[in-house]
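A.B. asks:
Number of protein chains: 2
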Amino acid sequence: MKSPLRLRQLEALKAVADHGSMTRAASELGITQPAVSRLLSDLGDELGFALLDRRDGRLVPSQEARYLLPDIQRILDMMARLSETSRAITEKRAGHIRIACLPGFATSHLPSVVADFLRHRPGVSVTIEPDRPERILEWMIGEDYDFGITDSFEGHPAVDSQRVDIRSVCIFPEGHWLADRETVGPSDLAGEPIIHTRRDSGFFKALSDAFLTERVALTSRIETRQFTAACELVLRGLGVSVISELDAAQYASRGLQSRPFRPRIPHQLSLVRPILKPASMITLDFIESFAASLAPFRQD
Amino acid sequence: MKSPLRLRQLEALKAVADHGSMTRAASELGITQPAVSRLLSDLGDELGFALLDRRDGRLVPSQEARYLLPDIQRILDMMARLSETSRAITEKRAGHIRIACLPGFATSHLPSVVADFLRHRPGVSVTIEPDRPERILEWMIGEDYDFGITDSFEGHPAVDSQRVDIRSVCIFPEGHWLADRETVGPSDLAGEPIIHTRRDSGFFKALSDAFLTERVALTSRIETRQFTAACELVLRGLGVSVISELDAAQYASRGLQSRPFRPRIPHQLSLVRPILKPASMITLDFIESFAASLAPFRQD
DNA sequence: ACGTTTTTATAACAGCTTGTTATGCTCCAA
DNA sequence: TTGGAGCATAACAAGCTGTTATAAAAACGT
Numbered sequence: 001m002k003s004p005l006r007l008r009q010l011e012a013l014k015a016v017a018d019h020g021s022m023t024r025a026a027s028e029l030g031i032t033q034p035a036v037s038r039l040l041s042d043l044g045d046e047l048g049f050a051l052l053d054r055r056d057g058r059l060v061p062s063q064e065a066r067y068l069l070p071d072i073q074r075i076l077d078m079m080a081r082l083s084e085t086s087r088a089i090t091e092k093r094a095g096h097i098r099i100a101c102l103p104g105f106a107t108s109h110l111p112s113v114v115a116d117f118l119r120h121r122p123g124v125s126v127t128i129e130p131d132r133p134e135r136i137l138e139w140m141i142g143e144d145y146d147f148g149i150t151d152s153f154e155g156h157p158a159v160d161s162q163r164v165d166i167r168s169v170c171i172f173p174e175g176h177w178l179a180d181r182e183t184v185g186p187s188d189l190a191g192e193p194i195i196h197t198r199r200d201s202g203f204f205k206a207l208s209d210a211f212l213t214e215r216v217a218l219t220s221r222i223e224t225r226q227f228t229a230a231c232e233l234v235l236r237g238l239g240v241s242v243i244s245e246l247d248a249a250q251y252a253s254r255g256l257q258s259r260p261f262r263p264r265i266p267h268q269l270s271l272v273r274p275i276l277k278p279a280s281m282i283t284l285d286f287i288e289s290f291a292a293s294l295a296p297f298r299q300d
Numbered sequence: 301m302k303s304p305l306r307l308r309q310l311e312a313l314k315a316v317a318d319h320g321s322m323t324r325a326a327s328e329l330g331i332t333q334p335a336v337s338r339l340l341s342d343l344g345d346e347l348g349f350a351l352l353d354r355r356d357g358r359l360v361p362s363q364e365a366r367y368l369l370p371d372i373q374r375i376l377d378m379m380a381r382l383s384e385t386s387r388a389i390t391e392k393r394a395g396h397i398r399i400a401c402l403p404g405f406a407t408s409h410l411p412s413v414v415a416d417f418l419r420h421r422p423g424v425s426v427t428i429e430p431d432r433p434e435r436i437l438e439w440m441i442g443e444d445y446d447f448g449i450t451d452s453f454e455g456h457p458a459v460d461s462q463r464v465d466i467r468s469v470c471i472f473p474e475g476h477w478l479a480d481r482e483t484v485g486p487s488d489l490a491g492e493p494i495i496h497t498r499r500d501s502g503f504f505k506a507l508s509d510a511f512l513t514e515r516v517a518l519t520s521r522i523e524t525r526q527f528t529a530a531c532e533l534v535l536r537g538l539g540v541s542v543i544s545e546l547d548a549a550q551y552a553s554r555g556l557q558s559r560p561f562r563p564r565i566p567h568q569l570s571l572v573r574p575i576l577k578p579a580s581m582i583t584l585d586f587i588e589s590f591a592a593s594l595a596p597f598r599q600d
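Top line first, the protein sequences correspond to chains A and B.
Residues 1 to 300 in this note's numbering are what the first sequence lists, from first letter to last.
Residues 301 to 600 in this note's numbering are what the second sequence lists, from first letter to last.
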């Protein structure tokens with residue numbers, strides 16, 4: 001009378017209601033007829049009313065049972081859906097990933113990686129939030145996001161970071177005389193107007209150090225925060241630039257040419273995630289995918 | 301890996317997610333901590349991913365588990381609702397009853413019986429369908445309705461009927477000289493214009509037989525199908541009538557007076573239901589209530 | 001109406017689920 | 001380092017869920 005309803009009983013009732021006989025219901029459920037018989041007699045005892053009536057040879061749910069069947073159906077459907085979702089999660093076909101990244105990644109490299117990743121994972125959804133590096137760090141600490149892509153990261157106790165060095169290249173518009181060179185160094189850029197990142201960035205410091213070492217003056221033309229902006233400006237003939245090969249690759253099809261820059265001044269990316277918050281398997285999977293997508297551009 | 305999800309496991313997961321500790325979840329569920337521990341370790345094994353993470357002393361559902369929890373919550377809610385509904389059915393507080401009746405009942409006696417019946421059965425709903433007796437019979441045979449109230453029923457193999465004889469009374473407007481009589485008989489109505497039911501009805505036949513036996517002429521004024529129509533006409537002073545006491549009672553407060561009619565010519569009601577279709581308990585309950593409501597008006 | 005066949009109910013039993021208690025492990029805080 | 005809180009594990013009891021065997025009941029065909 002007070003024992004809880006069991007799923008198996010509901011399944012049995014539905015199967016009999018669907019098939020009109022316990023024998024067929026049993027084979028539908030893949031069990032024997034006496035098992036069904038007892039499941040239903042137990043359920044009937046517990047509920048306190050008759051579940052089935054005989055009508056010209058068929059077993060038909062009683063009016064009381066019919067009243068409950070729609071809800072039973074829904075519960076069983078939802079259980080089936082839950083099972084399916086669980087399996088999808090196990091097989092990494094379902095889940096949600098929140099990614100914070102530099103604005104440049106949101107438009108250039110990340111979308112294609114996400115697209116590849118989602119292609120065979122229909123149940124997975126992704127949030128991409130572009131912002132400044134400081135904000136990305138905050139988000140990692142606050143555990144608002146699962147994964148972050150940033151640069152110039154000095155480390156933080158609450159953040160797990162994996163550093164990736166990306167090769168840098170010199171970019172110039174089509175037809176520029178630098179196209180004749182195998183590699184480009186500071187001495188090749190003497191007098192060339194240069195578009196570069198902000199002077200307080202690590203990347204600019206490394207670049208100007210290289211010029212300094214070779215005793216070449218760096219002709220600063222434009223300062224910008226994003227590599228993609230530099231690409232656009234170079235495309236329009238406003239100068240040349242040294243940027244991450246990753247961004248240069250995106251612009252190769254749009255008429256931007258590039259050559260390896262020497263000496264090597266890696267663009268330092270950091271793949272970060274909250275260290276306190278355990279990552280879901282799908283997140284780890286994605287981070288792995290993302291790291292792999294960077295392999296062709298890694299230095300060493 | 302292939303064993304089905306069990307409700308108990310879902311309950312345990314939800315309880316731990318809610319309370320942040322297995323110990324508290326266990327007491328919430330009214331079981332011991334090791335039971336919860338194993339339920340969850342089983343579930344984790346079956347699903348193939350971690351369900352819980354430790355976060356500064358609390359157990360927190362993993363991202364994967366969080367993804368499933370809303371659905372789990374809904375399933376558990378629906379199970380609780382189903383249990384509640386089942387108990388309501390057992391206690392006759394839920395269900396649905398389809399009633400077919402003569403038009404007169406739909407407006408006069410039935411509504412108050414239904415209202416009383418539903419008063420303490422909040423989950424019960426009722427359909428009332430008024431129509432002609434022949435149609436009511438069809439509905440019973442077709443099992444479209446659970447219960448029917450009709451008259452002049454000759455019986456049918458597919459229909460279970462219970463006959464109820466209702467006393468008949470002579471009705472007349474307030475101030476009519478018949479108010480002086482204890483009972484009214486044909487001789488009292490000599491020359492009075494009489495409003496009566498259709499000539500082919502059993503009730504009219506019984507009435508005219510009574511007049512014939514006492515050798516009194518029946519002065520027919522208006523013929524109508526329904527007793528309630530007769531009441532309205534009598535109220536307006538168009539004559540007197542002999543009708544079921546049941547209908548007369550409804551009009552007592554509206555200025556219609558009545559006296560028992562002698563000889564007794566019962567109005568024959570039939571309470572019918574499909575014999576092949578098993579009645580729900582709530583239906584049987586209602587039929588009983590309805591029959592009881594007729595008791596004050598029954599003849600013998 | 002009768003015997004045959006189909007279907008459902010019951011019984012006895014095996015294995016798994018779900019609870020118990022007892023106890024060990026781990027982590028954190030005094 | 002020690003104690004306490006909380007979780008995991010083990011061993012076991014009871015109950016659920018399945019089995020086979022068989023009885024009982026209903027449906028069906030002559």
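Beta carbons are placed, not taken as given, at the ideal position from N, Cα and C, and that holds for glycine.
Since we're looking at a predicted model, the values are computed, not measured.
#1: Whose Cβ in chain B lies nearer than 7 Å to the Cβ of Pro-278/A?
#2: Going along chain A in order, which residues have a C-beta closer than 8 Å to the C-beta of Arg-381/B?
#3: Express the C-alpha separation of Thr-197/A and Leu-246/A in angstroms, rounding to a whole number.
#4: Where does Ala-490/B sit, in a helix, a strand or coil, going by DSSP?
#5: Select from Ser-168/A, Ile-97/A, Ala-25/A, Arg-24/A the residue whose C-alpha is nearest the C-alpha of Pro-274/A.
#6: Report the rounded CA-to-CA distance for Pro-307/A versus His-109/A, giving the unit in angstroms.
#7: Given a threshold of 16 other Cβ atoms within 10 Å of its Cβ, counted over all protein chains shown, does Pro-563/B qualify as buried or as exposed?
#8: In whole angstroms, what separates the C-alpha of Asp-116/A from that of Glu-328/B?
#9: Can you give the beta carbon distance from Thr-150/A to Ser-293/A, rounded, assuming they're within the 8 Å contact cut?
#10: Listed from N- to C-terminal order along the chain, which residues in the stretch 84-101 of chain A have their beta-carbon within a distance smaller than 8 Å of any beta-carbon of chain B?
#11: Using a Cβ cut-off of 9 Å, which residues of the stretch 573-598 of chain B contact any Cβ in chain A, in chain order?
#12: Tell me the rounded alpha-carbon separation between His-420/B and Thr-385/B.
#13: State the Cα-Cα distance for the pair Ile-375/B and Gln-309/B, rounded to the nearest angstrom.
#14: Apart from the five residues on each side of it in sequence, which residues of its chain come closer than 6 Å, Cβ to Cβ, to Glu-364/B?
#15: Looking at the unbroken alpha helix (DSSP H) that takes in Phe-586/B, where does it start and where does it end?
#16: Using a C-beta to C-beta distance shorter than 8 Å, which residues of chain B count as neighbours of Met-78/A?
#17: Are Val-572/B and Ser-501/B closer than 8 Å when you measure CB to CB?
#18: Would you say Leu-518/B lies against chain A (beta-carbon separation less than 8 Å)?
#19: Below 8 Å on the Cβ atoms is my contact criterion, and I expect Ile-195/A with Arg-167/A to pass it. Report the Cβ-Cβ distance as a whole number of Å.
#20: For Ala-50/A, does the three-state DSSP call read helix, strand or coil?
#21: By alpha-carbon positions, which one of Glu-182/A, Thr-23/A, Gly-104/A, Ala-94/A ends up nearest to Gly-123/A?
#22: Is the CB-CB distance between Ala-510/B and Pro-486/B below 8 Å?
#23: How many whole angstroms separate the CB atoms of Pro-103/A and Gln-226/A, which I take to be in contact at a CB cut-off of 8 Å?
#24: Label Leu-212/A either buried or exposed according to how many other C-beta atoms from any shown protein chain fall within 10 Å of its C-beta, with 16 as the threshold for buried.
#25: Work out the CA separation of Phe-590/B and Gly-475/B for me, nearest whole Å.
#26: Just verifying my parser: in three-state terms, what is the DSSP assignment at His-476/B?
#27: With H, G and I counted as helix, E and B as strand and the rest as coil, what does DSSP make of Asp-160/A?
#28: Looking at Leu-51/A and Leu-13/A, is the spacing between their C-beta atoms short of 8 Å?
#29: Would you mind sorting Glu-134/A into buried or exposed? The rule is 16 or more other CB atoms within 10 Å of its CB.
#30: Would you decide whether Trp-139/A is buried or exposed? Buried here means 16 or more other CB atoms lie within 10 Å of its CB.
#31: Who are the Cβ neighbours of Gln-599/B in its own chain at under 7 Å, not counting the five residues just before and after it?
#32: Which of the three DSSP states is assigned to Asp-465/B in this structure?
#33: Ala-248/A and Val-184/A: beta carbons closer than 8 Å?
#34: Would you verify that the beta carbon of Leu-538/B is, or is not, closer than 8 Å to some beta carbon of chain A?
#35: Find the residues of chain B that neighbour Gly-48/A, judging by a C-beta separation of less than 7 Å, and give them in chain order.
#36: Starting from the C-beta of Thr-427/B, find all residues in its chain whose C-beta is less than 6 Å away, skip the five residues before and the five after it, and write them out in chain order.
C.D. replies: Considering the structure as presented:
#1: Counting from 1 along the first sequence, the entry for residue 278/A is found at position 278. Per Cβ cutoff of 7 Å: Asp-353, Ser-362.
#2: Reading the second sequence from its first residue, position 81 is the one you call residue 381/B. Residues of chain A passing the Cβ test: Asp-71.
#3: Working through the first sequence from its first residue, we reach residue 246/A at position 246. Working through the first sequence from its first residue, we reach residue 197/A at position 197. Using only the alpha carbons, I get a separation of about 15 Å.
#4: Reading the second sequence from its first residue, position 190 is the one you call residue 490/B. In the structure shown, Ala-490/B sits in coil (DSSP, three-state: anything other than H, G, I, E or B).
#5: As a position in the first sequence, residue 274/A is number 274, starting the count at 1. That would be Ile-97/A, whose Cα lies nearest to the Cα of Pro-274/A.
#6: Chain A is shown from 1 up to 300; residue 307/A falls before or after that span and cannot be answered.
#7: Residue numbering aside, residue 563/B sits at position 263 when the second sequence is read from its first letter. Exposed, since its Cβ has fewer than 16 Cβ neighbours within 10 Å.
#8: Here residue 116/A corresponds to residue number 116 of the first sequence, with the count starting at 1. Here residue 328/B corresponds to residue number 28 of the second sequence, with the count starting at 1. Approximately 45 Å between the Cα atoms of the pair.
#9: Numbered from its first residue, the first sequence carries residue 150/A at position 150. Numbered from its first residue, the first sequence carries residue 293/A at position 293. So it is not a contact: roughly 16 Å between Cβ atoms.
#10: Thr-85, Ser-86, Ile-89, Thr-90, Ala-94, Gly-95, His-96
#11: Leu-576, Lys-577, Pro-578, Ala-579, Ser-580, Met-581, Ile-582, Thr-583
#12: By 1-based counting over the second sequence, the position of residue 420/B is 120. By 1-based counting over the second sequence, the position of residue 385/B is 85. Taking the straight line from one Cα to the other gives about 15 Å.
#13: Counting from one through the second sequence, the residue named residue 375/B turns up at place 75. Counting from one through the second sequence, the residue named residue 309/B turns up at place 9. So the two alpha carbons sit approximately 12 Å from each other.
#14: Mapped onto the second sequence, residue 364/B falls at position 64. Phe-349, listed in sequence order.
#15: In the second sequence, counting from the first residue as 1, residue 586/B sits at position 286. Residues 581-594.
#16: Numbered from 1 along the first sequence, position 78 holds the residue referred to as residue 78/A. The answer, in chain order, is Asp-371, Arg-374, Ile-375, Met-378.
#17: Here residue 572/B refers to the residue found at position 272 of the second sequence. Here residue 501/B refers to the residue found at position 201 of the second sequence. Result no, Cβ atoms of Val-572/B and Ser-501/B do not sit closer than 8 Å.
#18: Counted from its first residue, the second sequence places residue 518/B at position 218. It does not: the Cβ of Leu-518/B has no partner Cβ on chain A nearer than 8 Å.
#19: Translated into the one-based positions of the first sequence, residue 195/A becomes position 195. Translated into the one-based positions of the first sequence, residue 167/A becomes position 167. That belief does not hold up - the Cβ atoms of Ile-195/A and Arg-167/A are roughly 19 Å apart, past 8 Å.
#20: In the first sequence, counting from the first residue as 1, residue 50/A sits at position 50. Coil.
#21: The residue given as residue 123/A occupies position 123 in the first sequence. Measuring from the Cα of Gly-123/A, the nearest candidate turns out to be Ala-94/A.
#22: One-based indexing of the second sequence puts residue 510/B at position 210. One-based indexing of the second sequence puts residue 486/B at position 186. In contact: Ala-510/B and Pro-486/B (Cβ atoms closer than 8 Å).
#23: Translated into the one-based positions of the first sequence, residue 103/A becomes position 103. Translated into the one-based positions of the first sequence, residue 226/A becomes position 226. The pair is a contact, with the Cβ atoms about 6 Å apart (cut-off 8 Å).
#24: Taking the first sequence and counting its residues from 1, one reaches residue 212/A at position 212. Under this definition Leu-212/A is an exposed residue.
#25: The sequence position of residue 475/B within the second sequence is 175, counting from 1. The sequence position of residue 590/B within the second sequence is 290, counting from 1. Using only the alpha carbons, I get a separation of about 34 Å.
#26: Numbered from its first residue, the second sequence carries residue 476/B at position 176. In the structure shown, His-476/B sits in coil (DSSP, three-state: anything other than H, G, I, E or B).
#27: To locate residue 160/A, count along the first sequence from 1; it is residue 160. If DSSP states are grouped into helix, strand and coil, Asp-160/A belongs with the strands.
#28: As a first step, residue 13/A must be located in the first sequence, where it is residue number 13. As a first step, residue 51/A must be located in the first sequence, where it is residue number 51. Against a cut-off of 8 Å, the Cβ pair of Leu-51/A and Leu-13/A comes out as a contact.
#29: Position 134 of the first sequence, counted from the start, is the residue given in the question as residue 134/A. Its Cβ having fewer than 16 others within 10 Å, Glu-134/A is exposed.
#30: Residue numbering aside, residue 139/A sits at position 139 when the first sequence is read from its first letter. Looking at its Cβ environment, which holds 16 or more other Cβ atoms inside 10 Å, Trp-139/A is buried.
#31: Looking up residue 599/B in the second sequence gives position 299. If we look at Gln-599/B and ignore the five residues flanking it on each side, its Cβ neighbours are Asp-465, Ile-466, Arg-467, Arg-564, Pro-566.
#32: For the purposes of this step, residue 465/B is taken as residue 165 along the second sequence, with counting starting at 1. Asp-465/B: strand per DSSP, three-state reduction.
#33: Taking the first sequence and counting its residues from 1, one reaches residue 248/A at position 248. Taking the first sequence and counting its residues from 1, one reaches residue 184/A at position 184. For Ala-248/A and Val-184/A, no; Cβs fall outside 8 Å.
#34: Position 238 of the second sequence, counted from the start, is the residue given in the question as residue 538/B. No, no contact with chain A.
#35: Here residue 48/A is taken as the residue at index 48 of the first sequence, counted from 1. Chain B residues near Gly-48/A: Thr-390.
#36: The residue given as residue 427/B occupies position 127 in the second sequence. Excluding positions up to five away in sequence, the list reads Arg-398.
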